[in-house]
Amino acid sequence: MLLIARTHSLSNLKPLLSLSLLAQSFPSQTPLSNFTSIPKPLFPIPTNSQPLPFSAIFFNPFSSSQSLPLNREGNYDDTTAAARHVCRGCGVHMQDSDPKHPGFFLKPSKKDPRTYRLGTHLEHVGQVPDFNDSLKRGMIIEPENLSSEADLVGVKAEKPVVCARCHSLRHYGKVKDPTVENLLPDFDFDHTVGRKLALTSGTRSVVLMVVDAADFDGSFPKKVAKLISDTVEEHSTAWKQGKSGNVPRVVLVVTKIDLLPSSLSPTRLEHWVRTRAREGGASKITSVHLVSSVRDWGLKNLVDDVASLAGPRGNVWAIGAQNAGKSTLINAIGKHVGGKITHLTEAPVPGTTLGIVRVEGVLPGHTKLFDTPGLLNPHQITTRLTREEQSLVNISKELKPRTYRIKDGYSVHIAGLMRLDIEESSVDSVYVTAWASPYLPLHMGKTENACTMVEEHFGRQLQPPIGENRVKELGQWVSKEFRISGNSWDSSSVDIAAAGLGWFAVGLKGEAVVSVWTYDGIDVVLRNALLPHRSYTFEVAGFTVSKIVSKADQASNKPQHKSEKKRKQSDQKESVAC
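Numbering follows the UniProt record's numbering, in which position 453 of the sequence shown is assigned residue number 453; successive positions increment by one, without gaps.
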């Protein structure tokens, strides 16, 4: 069977396949040899009633007739990469049989880039009789003449085939069926990357610990940081004793710094980052880099540092929480270094990368760069939100402060997700600044009325959650008490941050007791202020919508106002005429 497939072309084998299927349609008591006009097939016909599948004749490397494992190991291993095809956008094993299974894809039909859509931009300018005979006798360029190398200069390289999920994320910004991803197990960092780092011999290992600047505590991988720090400590001790010890290097990369106000000093930010990372369990950090993948800030220093640490044949692992910006960072590095294009899928939704993706040729020498799936932090509030709600919470523009001057007995809401109450204070005024997505509405009012806010306004004026039914689905509304102090009204002293959402910055000259409300299970931490400055234009009591949303509402209401104005003018004219 394989010999026939090798010695015959695809066009020659198609008639044989159709004949074999035709032979199956006749009754079993009528032998095929009785029909002298039909040639006998060259390959054996199965005895059952099912026709011979096409995949049985021609081996399809992408077919899922072979049982593909449901894992997230991707192509980090050479043997795995050679055995199975992996999506270059997200790292999932690809298959083409079940749309309800992870990794489904549709292989595009092959097109000749030299003749594909040739002349489609031309328009019809006249009928045949309008042209003279000399023009009709002109030379015609045949498609075969385009095969010269001179004509292939403008032909673009073919894009790699990606799974249907990556295609939907790239072109539509959403996933059609998010439930398909639930079939995949959680990414086991200890089994894949952890055991590689634990080896006392082998190639050098560099860990890029990627953290979101706008959600530092929510995206900081505490368990992984502690595991790597313990491995570094163990290998360093063995190396000092003369034993074999491959010490991993940890590079902390803070991405999306373009979302922070430009007035923030880089020196202050780095000092703040090192302090928070040490408190989070990362005690062995080789270097810290503040980068912006969108604006190419800090990429050159990062690449030079990683290349020197990894050496010519090292392994570089990019790890971090979901939506921390790992894939965007690697794509930016590929464009920054020699203009090499990588094809990792980027999308403002958590969990874009499903398996380990090996990226070669970006770093110098034979250094391999690996993009890993985002680590799930179940204590982030974004894990409970829908895609539409996540788009509102996601911070995509530079943060702007929204400040309230309040006193005891008043509360501030960030949408229907977080609330701060001033229980007691030793001063008359407390300055509360909300740092969150500009698409989230705020509300300030008396604490005694805050109890009715959940029932009357959550899911309506305060969104997300979107819809009244979503409020109960997010969990129980609980509080956590903090005792804070400060020495200035002009700048914030402490932050109270909710993982995956944002934070309240509090400025006061004295002491206060505050309560922070959010849904049960969401991480809420007290820390030193990241952004000490506040707005000197205070928000008013009641509901406050961001300027972006207000402008959008005004733009949408303009046509309605114009139509109402015209209708009133016409009514006035009619009344005058009467």
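Glycine included, every Cβ here is placed at the ideal spot set by N, Cα and C. Model, not experiment: these values are computed from the prediction.
- Nearest neighbour of T447 by Cα position, chosen from G542, K100 and F504, turns out to be G542.
- With fewer than three CB-CB distances shorter than 8 Å, the segment 216 to 225 does not count as touching the segment 286 to 299.
- Here V412 has Y404, I406, R419, L420, V432, A434, L442, H443, M444 and F504 as same chain residues with Cβ atoms under 8 Å from its own Cβ, once five neighbours each way along the sequence are excluded.
- The segment 252 to 268 makes contact with the segment 528 to 536: 3 or more CB pairs, one atom from each, lie closer than 8 Å.
- Its Cα nearest to that of N331, the residue S292 stands out among S292, D304, V540 and H366.
- When DSSP states are grouped into helix, strand and coil, G510 belongs to the strand group.
- Three or more Cβ pairs closer than 8 Å define a contact, and the segment 388 to 400 falls short of that threshold against the segment 512 to 521.
- S308 has its alpha-carbon roughly 42 Å from the corresponding atom of Y439.
- Straight across, the Cα-Cα distance linking L169 with V162 is about 11 Å.
- The Cβ atoms of L299 and I333 sit closer than 8 Å to each other.
- If you draw a straight line from the Cα of D495 to the Cα of E388, it is about 27 Å long.
- Scanning S485, G486, L417 and L252 for the CA closest to the CA of L462 turns up L417.
- Rounded to whole angstroms, V273 and S493 show a C-alpha spacing of 16 Å.
- For R204, same chain residues with a beta-carbon under 6 Å away, outside a window of 5 residues either side, are A310, G311 and G314 in chain order.
- Using a Cβ distance threshold of 8 Å, H379 and A499 count as a contacting pair.
- Between V206 and V306 the beta-carbon gap is near 6 Å, inside 8 Å, which marks them as a contact.
- Cβ neighbours of T544 within its own chain (closer than 6 Å, five residues either side excluded): L442.
- Nearest C-alpha to G202 among N246, A164 and V211: N246.
- By the criterion of a C-beta distance shorter than 6 Å, G502 is surrounded in its chain by W435 and A436, once the five residues flanking it on both sides are discounted.
- In the structure shown, A498 falls within a strand segment according to DSSP collapsed to helix, strand and coil.
- Nearest to K196 by alpha-carbon distance, out of L399, P248 and M209, is P248.
- With a cutoff of 8 Å on beta-carbon distance, V427 and V506 are scored as not near each other.
- Here L290 carries a strand assignment [DSSP, helix/strand/coil].
- Under the 10 Å beta carbon count, G486 is surrounded by 16 or more other beta carbons and is classified as buried.
- Contact annotation, V454 with V471: C-beta distance approximately 7 Å; criterion of less than 8 Å satisfied.
- Around the beta carbon of G320, 16 or more other beta carbons lie within 10 angstroms, which makes this residue buried.
- In the structure shown, T544 falls within a strand segment according to DSSP collapsed to helix, strand and coil.
- The three-state secondary structure of K300, taken from DSSP, is helix.
- Short of 8 Å from the beta carbon of W489, and not among the five residues preceding or following it, lie these beta carbons of its own chain, in chain order: S429, Y431, G507, L508 and K509.
- Between T372 and W317, the gap from beta carbon to beta carbon is short of 8 Å.
- The beta carbon of A497 sits closer than 6 Å to the beta carbons of D217, W503 and V525 from its chain, once the five residues preceding and following it are set aside; these are given in chain order.
- A direct Cα-to-Cα measurement between S535 and L376 gives close to 34 Å.
- Counting along the chain, no beta strand (DSSP E) covers I330; the unbroken alpha helix (DSSP H) around it starts and ends at K326 to H336.
- Counting along the chain, the unbroken beta strand (DSSP E) around G486 starts and ends at W477 to S488.
- A Cβ-Cβ distance of about 4 Å is found for the pair K226 and G281, placing them in contact under the 8 Å criterion.
- DSSP places A277 inside the alpha helix (DSSP H), whose first and last residues are P266 to E279.
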